[in-house]
Amino acid sequence: MLSEKLLNHLNAQVNFEIYSSYAYLSMAAYCESLDLSGFANFFKVQCQEELFHAMKFYDYIFQKNGVVVLEQIEKPNSNFENISDVFETGYEHEQLVTSRLYRIADIATEEKEHATISLLNWFINEQVEEENTFNTILKKIKRAENNPAALYMLDDELGARVYVAPTTTNA
Ligand code: FEO
């Protein structure tokens, strides 16, 4: 049984992961508008990953006899200056996700809610990869600035990203 406090935070995280998905879809649309289909593909895959994250929290809440309450999803930003700005925004967003997860993990730890701590450890480990992915691409973009050929090579590289659907949210 989850405490009301923990349940509220987990529900808020369902909302935030869906918002993350929406924010990345907006970034995909921006990249699409620049004819950078590889960058757009990267964000479309990211959009699907975030929905998976939302569903992982969703399923967990019900497994713990809680109830998911969905809230309104905030309108995502669609005004970006350039491709570098998009990835800076994405990188900052992932750091925000990490800080939110740490906050929930702190509460779960205070409450000695070990199953939730275990779930959050999965997400926290995932965040190391997510932050690193954004930061690495951001560094590559900065090096490719003023070099369209390098930017298009990077676009090709990101076009190869494929979403692999996990078979279960219990993974
Ligand atoms: Fe669901 Fe990118 O964190």
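Take the position in the sequence shown, starting the count at 1, then add 655; the result is the number in my numbering.
Here a beta-carbon is modelled for each residue, glycine too, at the ideal position from N, C-alpha and C.
* If you measure from the CB of H769, is any heavy atom of the ligand FEO nearer than 8 Å? -> By 1-based counting over the sequence shown, the position of residue 769 is 114. Checking every heavy atom of the ligand FEO against the Cβ of H769, none is found closer than 8 Å.
* To do: Compare the beta carbon distance of E729 and Y674 with 9 Å and say whether it is the shorter of the two.
  => Indexing the sequence shown from 1 puts residue 729 at position 74. Indexing the sequence shown from 1 puts residue 674 at position 19. Taking 9 Å as the Cβ cut-off, E729 and Y674 qualify as a contacting pair.
* Cβ separation of L665 and I716, assumed to be a contact under 8 Å, to the nearest whole Å -> If you number the sequence shown from 1, residue 665 lands on position 10. If you number the sequence shown from 1, residue 716 lands on position 61. So it is a contact: roughly 6 Å between Cβ atoms.
* **Where L806 falls: helix, strand or coil (DSSP)** => For this step, residue 806 is matched to residue 151 along the sequence shown. Helix.
* Taking only runs that begin and end inside the segment 662-696, name each unbroken beta strand (DSSP E) of 3 or more residues, in chain order. => none
* Quick one: residues with CB closer than 6 Å to any heavy atom of the ligand FEO, in chain order, please. => E672, S675, E705, H708, E749, V752, E785
* Asked: Can you name, in chain order, every residue of its own chain whose Cβ lies under 7 Å from the Cβ of K711, other than the five neighbours on each side?
  -> Against the sequence shown, residue 711 aligns to sequence position 56. Cβ neighbours of K711 beyond the five flanking positions: T824.
* **Presumed contact (8 Å Cβ cut-off) between K699 and I762, rounded CB distance** => Along the sequence shown, one-based indexing puts residue 699 at 44. Along the sequence shown, one-based indexing puts residue 762 at 107. At roughly 33 Å, the Cβ-Cβ gap does not stay under 8 Å, so K699 and I762 are not in contact.
* Helix, strand or coil at I779 [DSSP, three-state] -> Residue 779 sits at position 124 when you count from the first residue of the sequence shown. If DSSP states are grouped into helix, strand and coil, I779 belongs with the helices.
* Residue span of the alpha helix (DSSP H) that contains S733, given as start and end -> Your numbering for residue 733 matches position 78 in the sequence shown. It is not in any alpha helix (DSSP H) - S733 carries neither H nor E in the DSSP assignment.
* Where E768 falls: helix, strand or coil (DSSP) -> Along the sequence shown, one-based indexing puts residue 768 at 113. Of the three classes helix, strand and coil, the one that applies to E768 here is coil, per DSSP.
* **Burial state of Q718 (16 or more Cβ within 10 Å)** => Working through the sequence shown from its first residue, we reach residue 718 at position 63. Q718 comes out exposed.
* To do: Count the CB pairs spanning the segment 807-815 and the segment 682-701 that are closer than 8 Å, and state whether there are at least three.
  => Yes: at least three Cβ pairs fall under 8 Å.
* Asked: Taking Cβ positions only, does K794 come closer than 9 Å to chain D?
  -> The displayed structure is made up of one protein chain only, and chain D is not part of it.
* Report the three-state DSSP secondary structure of L657 (helix, strand or coil). => The residue given as residue 657 occupies position 2 in the sequence shown. Here L657 sits in coil by DSSP.
* If you run the structure through DSSP and keep just helix, strand and coil, what is N790? -> Locating residue 790 in the sequence shown gives position 135, counting from the first residue. In this structure, N790 counts as helix in the three-state DSSP scheme.
* Asked: Around the Cβ of H769, are there at least 16 other Cβ atoms within 10 angstroms (buried) or fewer (exposed)?
  -> Taking the first residue of the sequence shown as 1, we reach residue 769 at position 114. With fewer than 16 other Cβ atoms within 10 Å, it is exposed.
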